[in-house]
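Residue numbers (UniProt numbering), protein chains in the order written: chain H, 1 to 268; chain P, 1 to 288.
Beneath this line is the structure, given in structure tokens, with notes to follow.
Okay, structure coming up:
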């Protein structure tokens, strides 16, 4: 069992190294600016919640979190609604242009967001959606929908078609079969897809920042405000950073049992 | 599983098609439109044909950032893929320890990209950052805002920190999918640790690894926010990658025609390389 011992030591070291930068951010968020810039301290000497108080008492700060969560939630819902039937079609049927369509979808996951910045701005401005949550949610569909179709298709391929046929013999209509029989069977696939959609939408900033100005501004864009005339307010910046990690932690906690399976995108 | 030929399946794909077409085709056409015109202002645009493309292809600045980009993506893949496999092999197989490892390892993936940049911006500083301070204490002269090599290594280290977890988690799930019987057979044959890895684990990881390589290639090729926050592309332009060059051109200098032509070439490069990977995936699927 010495082998396991080495492995445990190895993974412990890796995780410690992984968490050190995060600890440094956490450490900083409890310090005053004077202490941060005054020199290196391994833990806060004058422990303070002031940095967090700034964020929780100022609407222009905490609205950033609400905005981010709003467009991420809308995006996850839209992504799942359109990707589920499409993934079913790809997993079950051969149809005109299916392979080309699939690659074309994936190719949008590959489009560098920098390419689309300006056209997106113009498109959403021209239809009056600029600076709304729905605009960011729709823009994020560009990379989330193809990925969702890809992941879900893998899971759906794992369900034998005999289930579909049996349901039809039992007199189920397609919508009834799809919702009552099929979706429960790929529950974990849906959970994982939702997690991925959440993750990629939550961490993206380039498009979100370009498509908003005031009303739907994401937290990432608001964080740049800490850079003021008197320099950077490091403490508040660190506190804001720590708070952006928490929603992700909650989501991964809820889907942890599905994640191992789903990270293979249902392909193994 | 054999698929049934049925063109009515298009009805199921239609919502996705319309949604993605709205988000992709309209902007793409706009880019194509820009790329063949010289735009001075509203209503003042002149058709210039392939002029921009010629100019972009011979632009020294763009070639430089393309080379930097390839070097960066190559280094990312060379480090992250083996490291990710190693981490996956070390992770506990199941139980509460397994779940805990999974969550802890996934943390860097859930941090917004600008926050990742901010974390490293502080963490690598020589005066108030633990990493920069430790390196300097170790007697190595390190300053990522002033030294080109240091800046490069810091951006690379940040990306390794940020994205190796994705490779590790993909491989972890691939390893979980190997039936226990394979290992038992290997034990009966008295196979060495290396043989188990080389002939059982690695071949079984193939399809997951292709996905990992594909995702890592695409995302490292599009990297923008993290180096922008960390180094701002400097010192000089040593860490200015393609996305940043493009964004500066399109939004900073408002050089639309040139930026659009550049965008299309950029997209084509990503598309071409990804197509090669994609063909490899479908090929691997067929072999199974």
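Even glycine gets a Cβ: it sits at the ideal position worked out from N, Cα and C.
{"Asked": "When DSSP labels each residue in this structure, what does residue 184 (chain P) get in the three-state scheme?", "Found": "helix"}
{"Asked": "Determine the extent of the alpha helix (DSSP H) in which residue 106 (chain P) is found, giving its start and end residues.", "Found": "95-106"}
{"Asked": "Are the CB atoms of residue 115 (chain P) and residue 168 (chain P) nearer to each other than 9 Å?", "Found": "no"}
{"Asked": "How big is the Cα-Cα spacing for residue 156 (chain P) and residue 25 (chain H)?", "Found": "20 Å"}
{"Asked": "Could you give the uninterrupted runs of the alpha helix (DSSP H) lying entirely in the stretch 55-111 of chain H, keeping only those of 4 residues or more?", "Found": "59-92, 98-110"}
{"Asked": "Opposite residue 37 (chain P) in the DSSP bridges: which residues?", "Found": "P:47"}
{"Asked": "Pull the bridge partners of residue 4 (chain P) from the DSSP assignment, please.", "Found": "H:93"}
{"Asked": "Measure from the alpha carbon of residue 158 (chain P) to the alpha carbon of each residue in P:209, P:238, P:220, then state which is nearest.", "Found": "P:220"}
{"Asked": "Given a limit of 8 Å on CB to CB distance, which residues of the stretch 107-138 of chain H reach chain P?", "Found": "107, 108, 109, 110, 111, 112, 113, 114, 115, 116, 117, 118, 119, 120, 122, 123, 138"}
{"Asked": "Is residue 39 (chain H) helix, strand or coil by DSSP?", "Found": "coil"}
{"Asked": "Three-state secondary structure (DSSP) at residue 204 (chain H)?", "Found": "coil"}
{"Asked": "Is the Cβ of residue 81 (chain P) closer than 9 Å to any Cβ of chain H?", "Found": "no"}
{"Asked": "Confirm, please, whether the CB-CB distance from residue 207 (chain H) to residue 113 (chain P) is below 9 Å.", "Found": "no"}
{"Asked": "Could you work out which residue in P:28, P:242, P:237 is closest to residue 147 (chain P) when comparing CA atoms only?", "Found": "P:237"}
{"Asked": "Determine the DSSP secondary structure at residue 184 (chain H), reduced to helix, strand or coil.", "Found": "helix"}
{"Asked": "For the stretch 80-91 of chain H, which residues have a CB atom closer than 7 Å to at least one CB atom of chain P, in sequence order?", "Found": "82, 83, 85, 86, 88, 89"}
{"Asked": "Is the beta carbon of residue 178 (chain H) sitting closer than 9 Å to the one on residue 88 (chain H)?", "Found": "yes"}
{"Asked": "Which value, in whole angstroms, describes the spacing of the CA atoms of residue 144 (chain H) and residue 50 (chain P)?", "Found": "33 Å"}
{"Asked": "I want to verify the contact list: residues of chain P whose CB lies under 9 Å from the CB of residue 166 (chain H), in sequence order.", "Found": "Here the premise fails: no neighbours, minimum Cβ distance about 15 Å."}
{"Asked": "Counting only runs of 4+ residues fully inside the stretch 167-255 of chain P, write out the alpha helix (DSSP H) ranges in chain order.", "Found": "180-188, 193-196, 202-221, 225-230, 242-247"}
{"Asked": "So with Cβ pairs under 9 Å, would you call residue 257 (chain H) a contact of chain P?", "Found": "yes"}
{"Asked": "Identify the contact partners of residue 144 (chain P) in chain H, using a Cβ-Cβ distance below 9 Å as the criterion.", "Found": "In chain order: nothing, as chain H lies at least about 14 Å away."}
{"Asked": "Work out the CA separation of residue 221 (chain H) and residue 59 (chain H) for me, nearest whole Å.", "Found": "15 Å"}
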